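In what follows, a single structure is set out as structure tokens and then discussed.
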Amino acid sequence: MDTNLGRTFRRLRKLKNMEIKEVAREDISYAQISKFERGQTDMTLTKFLSSLEAINVTLEEFYHEAYFSNLPKGSLFNYDFCQKFEIKDKEKLQQLLKIEADLLTLHPSIKRYKLNIIQIKSQLHLIDPNMQVNKKDILYLKEYLLSINKFCAYELSLYNSCLHLLDNKTLDQLIRKIISSENGYYLNPKILKIILRLIPIFIENNFLDSLPLLFTYLESHTKSDLFFYEKVTMVYLKALYDLKINPENHEASSLLNSYAEVFKLFNTLESEH
1 MDTNLGRTFR
11 RLRKLKNMEI
21 KEVAREDISY
31 AQISKFERGQ
41 TDMTLTKFLS
51 SLEAINVTLE
61 EFYHEAYFSN
71 LPKGSLFNYD
81 FCQKFEIKDK
91 EKLQQLLKIE
101 ADLLTLHPSI
111 KRYKLNIIQI
121 KSQLHLIDPN
131 MQVNKKDILY
141 LKEYLLSINK
151 FCAYELSLYN
161 SCLHLLDNKT
171 LDQLIRKIIS
181 SENGYYLNPK
191 ILKIILRLIP
201 IFIENNFLDS
211 LPLLFTYLES
221 HTKSDLFFYE
231 KVTMVYLKAL
241 YDLKINPENH
251 EASSLLNSYA
261 EVFKLFNTLE
271 SEH
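In UniProt numbering, the protein residues as written are 1 to 273.
This is how it looks when you write it as structure tokens:
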């Protein structure tokens with residue numbers, strides 16, 4: 001039993017300034033909640049979800065609070081790496097690689113550890129091109145991603161951090177699968193981030209057939225002003241795309257030059273501060 005779940009529930013309940021008696025219902029007693037919070041008993045999923053509803057906390061919020069908020073750094077791969085896959089610390093990545101390799105040795109049937117290893121190797125390759133990811137690992141990654149019918153947060157992070165390992169056709173198959181599925185609102189920022197990274201790859205590789213679909217997805221999922229960065233980036237990428245299909249497109253060329261000046265100014269201001 002993971003007693004941390006009970007402790008987390010108690011912490012969230014108290015932060016909501018609620019007493020146990022306010023959470024107890026016909027299907028779960030005061031005593032059951034109290035014992036769960038102390039780590040003495042477990043709850044059925046139905047009762048647990050009912051209790052979360054009583055304190056106005058979503059399952060996603062509880063999960064984040066339980067597993068990420070109070071973890072010491074380096075204690076979980078998913079905390080220290082999947083959530084920040086852009087990490088550039090080679091030594092830290094090698095430490096994580098050893099942790100995952102040891103876990104895979106202990107539990108060889110668990111795919112997650114193997115996939116974590118590939119993800120770390122992928123990032124190490126970006127830092128040091130001499131550190132290659134072997135073809136067998138790339139094939140394992142490809143087959144896993146193609147085999148699943150639902151991309152959750154883990155698979156999106158895995159895909160995002162391994163874009164450079166996969167061929168254009170596979171990248172295209174996967175992103176089409178992702179955007180054609182019904183995805184929770186909380187996954188939308190992750191999907192947008194992937195698409196914004198994927199479009200330049202397709203443009204550079206002259207793999208253009210899927211770009212209209214990706215731009216359409218971006219437009220339909222960035223209508224809110226909260227997505228200002230995504231909108232600005234999309235305009236820039238559209239200009240790149242337009243110039244790719246028509247090198248004589250002066251409007252696109254002019255827009256890219258304007259962006260270059262803005263980026264130059266931004267970098268100057270950033271260096272001054």
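The beta carbon of each residue, even a glycine, is placed where N, CA and C say it ideally should be. Given the structure is predicted, the values throughout are model-derived calculations rather than measurements.
* **Under the three-state DSSP convention, the category I118 falls into** => Indexing the sequence shown from 1 puts residue 118 at position 118. Here I118 sits in helix by DSSP.
* Could you name the residues of the same chain whose beta carbon sits closer than 6 Å to that of residue 332, not counting the 5 residues immediately before and after it, in chain order? => With the chain covering only 1 through 273, there is no way to say anything about residue 332.
* To do: Would you mind listing the beta strand (DSSP E) stretches within the segment 203-252 that are 3+ residues and don't spill past its ends, in chain order?
  => none
* Between R176 and the rest of its own chain, which residues show a CB-CB distance below 8 Å, the 5 nearest in sequence each way excluded? -> Numbered from 1 along the sequence shown, position 176 holds the residue referred to as residue 176. Result list for R176: S210, L213, in chain order.
* Rounded Cβ spacing between L196 and I245 (contact assumed at less than 8 Å) -> Position 196 of the sequence shown holds residue 196. Position 245 of the sequence shown holds residue 245. Actually they are not in contact, since the Cβ atoms of L196 and I245 sit about 19 Å apart, beyond 8 Å.
* By the 10 Å Cβ neighbour count, where 16 or more other Cβ atoms means buried, how is Q32 classified, buried or exposed? -> Position 32 of the sequence shown, counted from the first residue, corresponds to residue 32. Buried, by the Cβ-count rule.
* Would you mind listing the alpha helix (DSSP H) stretches within the UniProt domain "HTH cro/C1-type" (9-62) that are 4+ residues and don't spill past its ends, in chain order? => 20-23, 30-37, 45-54
* **Cβ shell of N160 (< 8 Å), same chain only, five flanking positions each side left out** => For the purposes of this step, residue 160 is taken as the residue at position 160 of the sequence shown. Cβ within range, chain order: F85, K190, K193, I194, R197.
* Cα separation between L76 and M18? -> Working through the sequence shown from its first residue, we reach residue 76 at position 76. Working through the sequence shown from its first residue, we reach residue 18 at position 18. Summary for L76: the model assigns pLDDT 44, below 50, so the residue's position carries little reliability; its value from the coordinates is reported in the next sentence. So the two alpha carbons sit approximately 31 Å from each other.
* Within this structure, are the beta carbons of Y241 and I203 separated by less than 7 Å? -> In the sequence shown, residue 241 corresponds to position 241, counting from 1. In the sequence shown, residue 203 corresponds to position 203, counting from 1. Yes, these two residues count as a Cβ contact at 7 Å.
* Does the distance from the CB of L249 to the CB of N205 come in under 7 Å? -> Looking up residue 249 in the sequence shown gives position 249. Looking up residue 205 in the sequence shown gives position 205. It is worth fixing the name first, because residue 249 is Asn in this sequence and not Leu. No, Cβ-Cβ distance for N249 and N205 is not below 7 Å.
* **Rounded straight-line distance, which links the Cα of E22 to that of T233** => What you label residue 233 is simply residue 233 of the sequence shown in a count that begins at 1. What you label residue 22 is simply residue 22 of the sequence shown in a count that begins at 1. The alpha-carbon atoms of T233 and E22 are separated by roughly 48 Å.
* Could you give the DSSP three-state label for F77: helix, strand or coil? => Here residue 77 refers to the residue found at position 77 when the sequence shown is read from its first residue. Residue confidence is low: F77 scores 49 on pLDDT, short of 50, so the model does not pin down where it sits. No coordinate-derived value is stated.
* Asked: Since L167 is in the alpha helix (DSSP H), which residue starts that stretch and which ends it?
  -> Reading the sequence shown from its first residue, position 167 is the one you call residue 167. According to the sequence shown, residue 167 is Asp rather than Leu. Counting along the chain, D167 falls outside any alpha helix (DSSP H), and DSSP gives it neither H nor E.
* To do: Confirm, please, whether the CB-CB distance from I55 to S34 is below 7 Å.
  => For the purposes of this step, residue 34 is identified with residue 34 of the sequence shown, where counting begins at 1. For the purposes of this step, residue 55 is identified with residue 55 of the sequence shown, where counting begins at 1. Contact: no.
* How long is the line joining the alpha carbons of L93 and L104, rounded to whole angstroms? -> As a working note, residue 93 is residue 93 in the sequence shown. As a working note, residue 104 is residue 104 in the sequence shown. Going by the C-alpha atoms only, they are around 16 Å apart.
* To do: Taking L96 and I120 to be in contact with their CB atoms under 8 Å, please state how far apart those CB atoms are, rounded to whole angstroms.
  => Residue 96 sits at position 96 when you count from the first residue of the sequence shown. Residue 120 sits at position 120 when you count from the first residue of the sequence shown. Their Cβ separation, rounded to whole angstroms, is 5 Å, which keeps L96 and I120 in contact under 8 Å.
* When the Cα atoms are used, what is the spatial distance from K238 to D225? -> By 1-based counting over the sequence shown, the position of residue 238 is 238. By 1-based counting over the sequence shown, the position of residue 225 is 225. K238 and D225: Cα-Cα distance of roughly 19 Å.
* To do: Compute the distance between the beta-carbons of E37 and G6, then report whether it is under 7 Å.
  => Position 37 of the sequence shown, counted from the first residue, corresponds to residue 37. Position 6 of the sequence shown, counted from the first residue, corresponds to residue 6. Yes, the Cβ-Cβ distance between E37 and G6 is below 7 Å.
* Give me the Cα-Cα distance between V133 and L139, rounded to the nearest whole angstrom. => Position 133 of the sequence shown holds residue 133. Position 139 of the sequence shown holds residue 139. Rounded to whole angstroms, V133 to L139 spans 10 Å at the Cα level.
* Near C162, what residues of its chain come up, given a Cβ to Cβ distance below 8 Å and the 5 sequence neighbours on each side ignored? -> Locating residue 162 in the sequence shown gives position 162, counting from the first residue. Only I118, Q119, S122, L141 meet the Cβ criterion.
* Any idea what DSSP makes of Q123, helix, strand or coil? -> The sequence position of residue 123 within the sequence shown is 123, counting from 1. Looking at Q123 - three-state DSSP - the assignment turns out to be helix.
* To do: Please report the residue range of the alpha helix (DSSP H) in which K150 lies.
  => In the sequence shown, residue 150 corresponds to position 150, counting from 1. Run containing K150: none; DSSP gives neither H nor E here.
* Where does residue 274 sit, in a helix, a strand or coil, going by DSSP? -> Residue 274 is absent from the structure shown; the chain starts at 1 and stops at 273.
* Flag this pair as yes or no: are the beta carbons of F151 and I178 separated by less than 7 Å? => Locating residue 151 in the sequence shown gives position 151, counting from the first residue. Locating residue 178 in the sequence shown gives position 178, counting from the first residue. Going by C-beta atoms, F151 is nearer than 7 Å to I178.
* Asked: Roughly how many whole angstroms lie between the Cα atoms of F48 and A24?
  -> The residue given as residue 48 occupies position 48 in the sequence shown. The residue given as residue 24 occupies position 24 in the sequence shown. Approximately 11 Å, taken between the alpha carbons.
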